[in-house]
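Novice:
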Ligand code: UDP
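In my numbering, the protein residues as written are 2 to 343.
(1) Considering only their Cβ atoms, is the gap separating residue 110 from residue 211 smaller than 8 angstroms?
(2) Helix, strand or coil: which one does DSSP assign to residue 181?
(3) Starting from residue 292, follow its DSSP beta bridges and name the residues at the other end.
(4) So residue 6 is in the alpha helix (DSSP H); what residue range does that whole segment cover?
(5) To the nearest angstrom, how far is the alpha carbon of residue 193 from that of residue 139?
(6) Do three or more CB pairs link the region 250-269 to the region 118-134 at distances below 8 angstroms?
(7) Determine the burial state of residue 323: buried for a count of at least 16 other Cβ atoms within 10 Å of its Cβ, exposed for fewer.
(8) When you compare each of 15, 2, 11 to residue 243 by their alpha carbons, which one comes out closest?
(9) Excluding the 5 residues flanking residue 340 on each side, which residues of the same chain have their C-beta closer than 6 angstroms to its C-beta?
(10) So what does residue 306 bridge to, in DSSP terms?
(11) Of the choices 70, 173, 177, 232, whose alpha-carbon is the least far from that of residue 161?
(12) Should residue 228 and residue 272 be called a contact, given that it needs their Cβ atoms to be closer than 8 angstroms?
(13) Considering only their Cβ atoms, is the gap separating residue 179 from residue 80 smaller than 8 angstroms?
(14) So the candidates are 234, 307, 279; which of them puts its Cα closest to the Cα of residue 268?
(15) Looking only at its chain, what residues have a beta carbon closer than 6 angstroms to the beta carbon of residue 54, apart from the 5 residues adjacent to it on each side?
(16) If you scan the region 28-99 from start to end, which runs of the beta strand (DSSP E) of 3 or more residues do you find wholly inside it?
(17) Can you determine whether any heavy atom of the ligand UDP sits closer than 7 angstroms to the C-beta of residue 204, and answer yes or no?
(18) For residue 33, which of 278, 75, 166 has the nearest alpha-carbon?
(19) Which residue from 338, 136, 113, 217 puts its Cα closest to that of residue 63?
(20) For the ligand UDP, any of its heavy atoms closer than 7 angstroms to the Cβ of residue 360?
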């Protein structure tokens, strides 16, 4: 019998890698994506990796009738809910777009889970809910949440709260918030990866686009932070490791009769911006054009995961390194030229 898992946003960056990981572990993903922020090249990539075309339903996750019909058609083992907007800067300019899409999509999924008695949900949350951690920079799930500094961050913050409250009212559900740190890299095959829309906001695609000549030069946002080399520190996690954490989450939830957990998904190690640049240059042999610029408003100085809970509860830990990530990100960037993305 097929074990169907609904993957909303399954054509996106983390979603597509999770689809691969699900298939590798015996599940049948059902991708729900309307491709508004995903590239259709992903379908070809997934088809090549998987040896057959995955199930894809083109639909807005906020479409109430449409999503209901999907729940009528499949009996889902679980749901992984990725579909959401994620650009921090855009969310400041268009907050209603973010609150509408990110919260209504989640509410639509939860309502259908209750109506159709689907028990297991994994929600894409983010370490942004910690804001700027006070004191210790290694955050556990018990570290108090702080208000994020963007509407995007608030949609994750409120999304977690919606999930917790839904669990309290429906204690037989199995719900999990995964708080991701900074996903980087791409599938080894270079058949799927991230398709940044417009100028990338995130460090790794900015590095690879600068190296290939799509961007003039990388600006390192600030060198006067109180860190080892003055640049900010983040926990960069390979997207293939991150994808597998979702499979482990689905396996965990399948054995539960009422469960609510929040789990950090990171490597447990922080890296500075300069360390990432240096890893990129040494692993790829590319000389990167970069210079220091002003601090970017809203940036957290330093944060990295305490990943003990993921290890204990999900039996998951990151296996791939920053070296793997920069090599895979670079190979993917080179491959993107073939997709006429230049
Ligand atoms: N960063 C940078 N230049 C860029 C993009 C990012 O120096 O063009 C820095 C940014 O200030 C932060 C780190 O890289 O310290 C990671 O930024 P990203 O936007 O990828 O992730 P987030 O800030 O959301 O953790």
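Cβ coordinates follow ideal geometry from the N, Cα and C atoms, glycine included.
Specialist: Let me lay it out:
(1) no
(2) strand
(3) 220
(4) Where residue 6 is concerned, there is no enclosing alpha helix (DSSP H), although the beta strand (DSSP E) it sits in stretches over 5-9.
(5) 31 angstroms
(6) yes
(7) buried
(8) 15
(9) 42
(10) 140
(11) 177
(12) Cβ distance not < 8 angstroms, so residue 228 and residue 272 don't count as in contact.
(13) No, the Cβ-Cβ distance between residue 80 and residue 179 is not below 8 angstroms.
(14) 307
(15) 48
(16) Listed in chain order, they are 29-33, 56-58, 77-82.
(17) yes
(18) 75
(19) 113
(20) Beyond the ends of the chain as shown, which are 2 and 343, falls residue 360; an answer cannot be given.
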